[in-house]
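Below you'll find the structure, written out as structure tokens, and then a few comments.
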Amino acid sequence: MLPATFKLCAGISYRHLRNMTGLRRQAAVAFSQGLDKLTFAGPGPSKWISQVRRRSSLLSSLLEEKPFSEVEMTYIKQGEEALQKSLRILGEQDGWKTETTAENGDKVLSKVLPDVGKVFRLEVVVEQPLNSVYQELVERMEQMGDWNPSIKEIKILQKIGKDTVITHETAAATPGNVVGPRDFVSVRCSRRRGSTCVLAGMATHYGAMPEQKGFIRAENGPTCMVLRPLAGDPSQTQLTWLLSIDLKGWLPKTIINQVLSQTQVDFANHLRKRLATTATPTAVSCCRLDTATPLRSINP
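Start counting the sequence shown at 1; every next residue gets the next number (UniProt numbering).
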């Protein structure tokens, strides 16, 4: 079975067969079934099988939608990379330092990573169900500038499949114009595993959105938000926000750290106010998260 499966998968690599969606889908399904049989057949190279399955699960979900161009696949892979890097950072429990603790229990922590720099981690509980929080942060993403004073505008430049988008974000001026005008171009993706949603992103290059006059093109990522029903009370949502930003330009680190940590605290308060007026029990539409992703490692 497996040799035939590999031949079928290899067939889609030929140029004249690449656009045959049915064959691509058949190859992905056959490949997955072949691995299933090997996995339960007894002793064998389970390590490499699990590694391949980790990739093939994503491939199968993508081929179920439509064929993607090489450029689109590049963005999809960037979104996946942002998600994996973010979860690895959140999974490392040691080294976090408390930056701010609010009276309502909201907490901002930080740590310095050799290859990333200083990252910030917001831990809050939002008094709304996960569906409502997801709807506001993803489905109504372009309306975020209406309620979050730190954002002037978010525009979706391109949608790729069900769970990947390219966005352009313009940051609002900070009080006293301490941080000048910044904008960001990012790839964002959403995944779901059971009742947990992960929204991840990182800076990317998008030819149709070059650097804008009057703005410094800053970079974010890896960054992500993890949404989970609060243990014991699914009517509330536990939100973890990993923030990593390079604002570029000449700014003292003390100012950057103060601005970013305060931005996270303010975001939680503004989100609560927004949800109090707009939250409705809608269905969560984020895609299934590959079961190989170690969400268990990000429990605070």
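Ideal placement from N, C-alpha and C gives every residue a C-beta, glycine not left out.
- Taking C-beta atoms as the reference points, Thr98 and Val265 fail to come closer than 9 Å.
- Counting only unbroken stretches of 4 or more residues, the alpha helix (DSSP H) elements lying wholly within the region 73 to 153 are 130 to 134, in sequence order.
- Asn220 is positioned such that its CB atom lies closer than 9 Å to that of Ser186.
- For Val259, the enclosing alpha helix (DSSP H) covers residues 253 to 278.
- With a contact defined as Cβ atoms closer than 8 Å, Lys248 and Ile216 qualify at about 5 Å.
- Per DSSP, the beta bridge partners of Trp241 are Leu122, Met225.
- For Thr167, the uninterrupted beta strand (DSSP E) segment begins and ends at 164 to 171.
- When only Cα atoms are considered, Ala268 and Asp233 end up about 19 Å apart.
- In the three-state reduction of the DSSP assignment, Val179 falls in the coil class, being assigned neither a helical nor a strand state.
- The beta carbons of Leu227 and Leu239 sit about 6 Å from each other, so the pair counts as a contact at 8 Å.
- Nearest C-alpha to Gly207 among Arg272, Glu127, Thr167: Thr167.
- The beta carbon of Gly95 sits closer than 6 Å to the beta carbons of Lys111 from its chain, once the five residues preceding and following it are set aside; these are given in chain order.
- The beta carbons of Met225 and Leu260 sit no closer together than 9 Å.
- Glu70 sits in a helix when the DSSP states are folded into three classes.
- Per the DSSP secondary-structure output, Gln158 pairs in a beta bridge with Ile166.
- Residue burial is scored here from C-beta neighbours: Ala102 has fewer than 16 other C-beta atoms within 10 angstroms and is therefore classed as exposed.
- Taking all protein chains in view, the Cβ of Gly201 is crowded by 16 or more other Cβ atoms within 10 Å, so the residue is classified as buried.
- By the neighbour-count criterion, in which a residue is buried when 16 or more other Cβ atoms sit within 10 angstroms of its Cβ, Thr204 is buried.
- Its chain contains Val259 as the residues whose beta carbon lies nearer than 7 Å to that of Thr174, once the 5 sequence neighbours on both sides are disregarded; these appear in chain order.
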